[in-house]
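Notes follow once the structure below has been shown.
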Amino acid sequence: MKIFRSFEEAAGIRNPVVTTGSFDGVHIGHKTILRRLRMLEEKHDGESVLITFDPHPRKVLYPETAGKDLKLINSQEEKFELLEKAGLGNIILIRFTLEFSRITSEEFVRNLLCGKLNAKVIVVGFNHHFGFNKEGDYKQLWNWREKYGFEVEEIPEQEVQHETVSSTKIRQAISEGYIQRANAYLDHYYIVKGITLKYPEAVPDSLPLLVKVPVTEECKILPSPGIYAVSVDSGYDTLKGMAIIERHSDDKPVLLLNVFGEENQDNRKVTLSFHKKIHGAVDHTDRNHTSRINSAKAEIMELIY
């Protein structure tokens, strides 16, 4: 997968089959769009392209309201890895600014998608809007297809157990600790990537060895405080583990990890896949919670995953 940081860099893409959006989570709805891109790139002897944005548009457009405390399902590294696994050929990562947000929908299509990228096919998700004040939509694209010389398709909305899937719903499920619901919407496990660090605070001898996994981006969402069953992929092996998420006085969540069957657990690049919440909030420094943590670990060891 190739990553470009401007339309000018991406000018050589062959017969681009294009979609746009944040694609936070790369959930089941996004994967439906990506599958269609792959089919169309084969049909047109072209290449699949996602135009996505950094930072998230809400953070720029609504910095004091909807974007102020917005947390994202994936760090950029996680999102790009998931997109590559889904078979995407090219990403154009655009720096989202107030100036960029003032580009009208027709200017975006005429000057960028067609003028610079020479898009062959444009694919949009259900109820997708773009351009200044979100004025652009599938209907407009359909009306412009002959004028600017491209084909256009709209993908129907996706449902899981009769519920419409969205990144917003997945963020809510994760933040409330409903990991299995989030995983169903995502169509893969919710993940956290990071490098393990020695945890400086004292840990009672009766507790398993814990290391800290700092999130790589401040806006990355973490589940609600509690104990979770996880898989730990270190690049050469995948083991079971227990993740403890605590929220301290500064209101910033801390992710602690115990990898089953390993002693030297620090300074390792890991990917945690979250399977299930086992227990509610605990404080590992409180000896009264020791039995709860050890009981949760025993329960996780019995799980089959």
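If you use this note's numbering, the sequence shown corresponds to residues 4 to 308, in order.
C-beta atoms are modelled at their ideal positions from N, C-alpha and C, and glycine is treated no differently.
- Rounded to whole angstroms, the gap between the alpha carbons of Gln268 and Asp286 is 21 Å.
- If you draw a 10 Å sphere on the C-beta of His282, you find 16 or more other C-beta atoms in it, and that means buried.
- The alpha-carbon of Lys196 is positioned some 45 Å away from that of Glu149.
- In the three-state scheme derived from DSSP, where H, G and I count as helix and E and B as strand, Lys137 is classed as helix.
- Secondary structure note for Gly32: it is in no beta strand (DSSP E), and the uninterrupted alpha helix (DSSP H) holding it is Ile31 to Lys46.
- Lys62 is the residue among Ala14, Lys62, Lys5 and Glu11 whose C-alpha sits nearest the C-alpha of Ser25.
- Within the DSSP secondary-structure output, Ile97 pairs in a beta bridge with Phe56.
- In the structure shown, Ser104 falls within a helical segment according to DSSP collapsed to helix, strand and coil.
- Residues Ser78, Val195, Gly197, Leu225 and Leu258 of the same chain have their beta carbon placed closer than 8 Å to that of Val218, with the five preceding and five following residues left out of the count.
- Taken through DSSP and simplified to helix, strand or coil, Arg250 comes out as strand.
- The three-state reading of DSSP puts Thr23 in strand, counting E and B together.
- In the structure shown, Asn261 falls within a strand segment according to DSSP collapsed to helix, strand and coil.
- Taking Ile36 as the centre and dropping the five residues before and after it, the same chain places the C-beta of Thr22, Val126, Gly128 and Ile158 closer than 7 Å to its C-beta, in chain order.
- Secondary structure of Ala232 (DSSP, three-state): strand.
- In the three-state reduction of the DSSP assignment, Thr167 falls in the strand class, which pools E and B.
- Ser276: member of the beta strand (DSSP E) spanning Lys272 to His282, first to last residue.
- Rounded to whole angstroms, Glu87 and Lys123 show a C-alpha spacing of 21 Å.
- Given a length threshold of 4 residues, each whole run of the alpha helix (DSSP H) inside the segment 58-96 is given here in chain order: 60-64 and 79-88.
- Taking the CA atoms as reference points, Ala299 sits about 30 Å from Val29.
- DSSP places Lys5 in the uninterrupted beta strand (DSSP E) bounded by Lys5 to Phe7.
- In the three-state reduction of the DSSP assignment, Tyr151 falls in the helix class, which pools H, G and I.
- Scanning its chain for C-beta atoms nearer than 7 Å, with the 5 sequence neighbours on each side dropped, one finds around Val262 the residues Val235, Leu242, Gly244 and Gln268, in chain order.
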